[in-house]
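Those letters in the sequence shown? Residues 109 to 342, by my numbering. We put the beta carbon where it would ideally sit given N, CA and C, even for glycine. On a predicted model such as this, the values are computed, not experimentally measured, just so you know.
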Amino acid sequence: MQSLQQNFVKLFPPNELLSAKRQAFASADGGVLLRNPAVEEVVAAALDVAGGSLEHAAIIEQYISLTIPKMEDGNNFGVTVQLALLKQISDFTEKTLKQTEELTKYYAARADAVEKCKYLGTTSTSKSTTTSKSNGTSTGGKDDDDSGKPKNSSSEETKTEEKRSESNTQTPEGPLRAEAVVTGVDVLYYAKAKTLYSTVVSGYCSVLDFLEKNEEKLGAPKGSAGSRSYHSMY
Numbered sequence: 109m110q111s112l113q114q115n116f117v118k119l120f121p122p123n124e125l126l127s128a129k130r131q132a133f134a135s136a137d138g139g140v141l142l143r144n145p146a147v148e149e150v151v152a153a154a155l156d157v158a159g160g161s162l163e164h165a166a167i168i169e170q171y172i173s174l175t176i177p178k179m180e181d182g183n184n185f186g187v188t189v190q191l192a193l194l195k196q197i198s199d200f201t202e203k204t205l206k207q208t209e210e211l212t213k214y215y216a217a218r219a220d221a222v223e224k225c226k227y228l229g230t231t232s233t234s235k236s237t238t239t240s241k242s243n244g245t246s247t248g249g250k251d252d253d254d255s256g257k258p259k260n261s262s263s264e265e266t267k268t269e270e271k272r273s274e275s276n277t278q279t280p281e282g283p284l285r286a287e288a289v290v291t292g293v294d295v296l297y298y299a300k301a302k303t304l305y306s307t308v309v310s311g312y313c314s315v316l317d318f319l320e321k322n323e324e325k326l327g328a329p330k331g332s333a334g335s336r337s338y339h340s341m342y
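Below you can see the structure in the form of structure tokens.
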């Protein structure tokens, strides 16, 4: 778990203000239409950590569920400890899954916000074709007819021109649309990634701490000497 905490501090420096992240995202090269690698990095990291912790939690949950002894009169405190751990894992899983689902909406939310940035203007290309004819006469040689009179000749010349025009159709809401991409999407999902990562670190650490402190009761809820400890699940 120490590595998780170290990576968390690396990805999300302590005392970092969201307003500072907003300014960094807004001033990034290329503008708001380009992808934001900084946000994509923390989103991917948070999703990976969430997926790994959910997998480990499921293993622990399965093991504890299969080691709950038969219900008998008296001496059921160990079972109570096991049920308390299962409840803790269930709460952790539910909370983590909900935040994970929210974080996976990042790309769709950004695509929708970018699509509405009409203030960036449009570029159009048009082609025009012109044809010109020229008439003339020729004397002598193969261009004369059989009577020796000059022939009438004509030629056609076709020209194609391509024109590009750019229009900056900035609208009053244009800057607000750009701000919606930066603050309403990038900053928001940066914060959601941080929250999910923090949830995993604190929640999963709590589950492991419960295991450490109650190893004896979890491995041998009835106090039987022959029962295995929870370490045998690995």
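Option nearest residue i by Cα separation, candidates the options
i, options, result
"Arg285", "Phe116, Lys129, Ala134", "Ala134"
"Ala136", "Tyr214, Asp294, Ser198, Asp317", "Asp294"
"Glu149", "Ala328, Gly311, Glu180, Lys300", "Lys300"
"Leu199", "Ala153, Gly327, Ser314", "At residue 199 the sequence reads Asp, which differs from the Leu that was named. Comparing Cα-Cα distances from Asp199 to each of Ala153, Gly327, Ser314, the minimum goes to Ser314."
"Glu323", "Lys178, Tyr298, Val222, Tyr171", "Tyr171"
"Pro283", "Lys330, Ala328, Lys224, Phe185", "Lys224"
"Lys325", "Glu210, Val187, Ser173", "Val187"
Three-state class that DSSP yields for residue i in the structure shown
i, result
"Thr188", "helix"
"Gly139", "coil"
"Lys351", "In the structure displayed, the chain extends from 109 to 342; residue 351 sits before or after that span and is not available."
Beta carbon of residue i nearer than 8 Å to that of residue j
i, j, result
"Gln114", "Val309", "no"
"Gln190", "Ile168", "no"
"Thr208", "Leu155", "yes"
"Tyr297", "Val140", "no"
"Phe318", "Gln196", "yes"
"Leu119", "Ala153", "yes"
"Leu211", "Val157", "no"
"Leu194", "Ser173", "yes"
Residue i classed as buried or exposed, judged by whether at least 16 other C-beta atoms fall within 10 angstroms
i, result
"Asn144", "buried"
"Ala216", "exposed"
"Ala221", "buried"
"Gly311", "buried"
"Val117", "exposed"
C-beta neighbour in chain B for residue i, strict 8 Å
i, result
"Val157", "In summary, chain B is missing from the structure at hand, where a single protein chain is found."
### Message
Check whether the region 280-299 and the region 156-168 touch, using three or more Cβ-Cβ pairs below 8 Å as the test.
### Response
Remark: fewer than three beta-carbon pairs, one from each stretch, lie closer than 8 Å, so the region 280-299 and the region 156-168 are not flagged as touching.
### Query
How do the region 201-213 and the region 302-321 stand: do at least 3 beta-carbon pairs fall below 8 Å, yes or no?
Taking one beta carbon from each stretch, the region 201-213 and the region 302-321 have 3 or more pairs nearer than 8 Å; the two touch.
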